[in-house]
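Engineer: Residue numbering for the sequence shown is 164 to 454, as defined by the working numbering.
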Amino acid sequence: MKKVISFSGGRTSAYLLNLFKSDPNAHFVFMDTGAEHPATYQFIKDIVRHWEIDLVCLRVVVNPVMNKGGSYKVISLDELRQDLEPWKAMVKKYGSPYYDLPFCTARMKTEPFEKYCNETFGKNNFERWIGIRFDEPRRLPIEVLEKLNLPIHKDATHQKSGFRYLAEISELEKDEILDWWEAQPFDLAITEHLGNCVFCIKKTLNKVALAAKDEPEQFVKWVEVTEGPNVRAEGRKYNHKRMYRERLHASDVAEIYKDHSRDELYHSLRSSKRYESGSCSESCEAFGVTQ
Numbered sequence: 164m165k166k167v168i169s170f171s172g173g174r175t176s177a178y179l180l181n182l183f184k185s186d187p188n189a190h191f192v193f194m195d196t197g198a199e200h201p202a203t204y205q206f207i208k209d210i211v212r213h214w215e216i217d218l219v220c221l222r223v224v225v226n227p228v229m230n231k232g233g234s235y236k237v238i239s240l241d242e243l244r245q246d247l248e249p250w251k252a253m254v255k256k257y258g259s260p261y262y263d264l265p266f267c268t269a270r271m272k273t274e275p276f277e278k279y280c281n282e283t284f285g286k287n288n289f290e291r292w293i294g295i296r297f298d299e300p301r302r303l304p305i306e307v308l309e310k311l312n313l314p315i316h317k318d319a320t321h322q323k324s325g326f327r328y329l330a331e332i333s334e335l336e337k338d339e340i341l342d343w344w345e346a347q348p349f350d351l352a353i354t355e356h357l358g359n360c361v362f363c364i365k366k367t368l369n370k371v372a373l374a375a376k377d378e379p380e381q382f383v384k385w386v387e388v389t390e391g392p393n394v395r396a397e398g399r400k401y402n403h404k405r406m407y408r409e410r411l412h413a414s415d416v417a418e419i420y421k422d423h424s425r426d427e428l429y430h431s432l433r434s435s436k437r438y439e440s441g442s443c444s445e446s447c448e449a450f451g452v453t454q
């Protein structure tokens, strides 16, 4: 049984990858959306260089014809960049995803990941390993919670066949993984509120506004892609400006918070002084259990 480690680009996911780096039956796959922070791409390249692993990087190939599924292409490390090309193709066909309907994860990660694994290893011939920690019980299925003697919350779901989790083989919690990373010769050089997907639709509005102030050039490009004339609106039940909470689009959020200083927004998050390894990036695993 092949083990396919789904690498999201975050610290916890990378720690899981490290645990399997010497396993001959382990395969490592990163799904690129073209919207990751530049520091995330550097982190990925550092991992490959330092750990000498064979990382397969995939990008979705969107079929522009409705009701026709997409495919994927394998790209090199040198091709990893924040060009938003997968997003351009996706919103042109489907329109913008919503904060409460994040189909971007399914379209750009889960579906091409599954197709690649089935074609490469054969259906049901592989396990999908996901970097969900012991201290993230709300993201773990009932069977794993029972195995670990953790409380089962009311929204817990049953485990799907072929899925495994970091929590099953390690009880390290977030702070312990952060301690582990502090001892390494390289790290992911972004703060919690930015996350790998800088303007993730799952973020709270003040976090989106803060990201816009911290990364203004990236924000302009994001608005051009997600609010431009090529975003499909025809046949949509809702206005395509429902991307973020309160049915707002990115430019609306920036306008609302334009008179708030960067420091004011930052302190409103009441963030820990330490980096948060989760937030949106870890919950957007190719095969994750979202909260």
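Built from N, CA and C at the ideal position, the CB exists for glycine as well.
1) Counting along the chain, where does the beta strand (DSSP E) carrying S169 start and finish?
2) Within this structure, are the beta carbons of I305 and F326 separated by less than 8 Å?
3) Classify R437 as buried or exposed, calling it buried when 16 or more other Cβ atoms lie within 10 Å of its own Cβ.
4) Which ranges would you report for the beta strand (DSSP E) in the region 257–314 if only whole runs of at least 3 residues count?
5) Identify the continuous alpha helix (DSSP H) that holds A189 and give its terminal residues.
6) Of the choices L218, Y235 and C220, whose alpha-carbon is the least far from that of N226?
7) Can you round the beta-carbon distance between L311 and F297 to whole angstroms, since I take them to be within the 8 Å contact cut?
8) When DSSP labels each residue in this structure, what does K208 get in the three-state scheme?
9) Hey, which unbroken runs of the alpha helix (DSSP H) at 4 residues or more fall wholly within the region 338–400?
10) Check for me: the alpha helix (DSSP H) holding Y178 runs from which residue to which?
11) According to the Cβ coordinates, are M253 and L221 closer than 8 Å?
12) Answer yes or no: do K370 and Y262 have a C-beta to C-beta separation smaller than 8 Å?
13) Since V225 sits in a beta bridge, which residues does DSSP pair it with?
14) Using only the alpha-carbon positions, how far apart do K421 and E427 sit?
15) With respect to the beta strand (DSSP E) encompassing Y328, which residues constitute its N-terminal and C-terminal limits?
Structural biologist: Well, looking at it:
1) That run of the beta strand (DSSP E) goes K165 to F170.
2) With respect to the 8 Å criterion, I305 and F326 are not classified as neighbours on the basis of their beta carbons.
3) Any reading at R437 needs caution, since the residue's pLDDT is 44, under 50, leaving its predicted position unreliable; the model's value is listed next. Looking at its Cβ environment, which holds fewer than 16 other Cβ atoms inside 10 Å, R437 is exposed.
4) If we require 3 residues or more, the beta strand (DSSP E) runs fully inside the region 257–314 come out as 289–293.
5) Where A189 is concerned, there is no enclosing alpha helix (DSSP H), although the beta strand (DSSP E) it sits in stretches over A189 to D195.
6) Of the listed residues, the one whose Cα sits closest to N226 is Y235.
7) So it is a contact: roughly 7 Å between Cβ atoms.
8) Here K208 sits in helix by DSSP.
9) Runs of the alpha helix (DSSP H) inside the region 338–400: 368–377 and 379–390.
10) First-last of the alpha helix (DSSP H) with Y178: R174 to L182.
11) L221 sits away from M253, with the two beta carbons spaced by 8 Å or more.
12) Not closer than 8 Å, so no.
13) Beta-bridge pairing by DSSP links V225 to no other residue.
14) In this structure, the alpha-carbon of K421 lies about 11 Å from that of E427.
15) Annotation for Y328: the continuous beta strand (DSSP E) segment containing it runs F326 to Y328.
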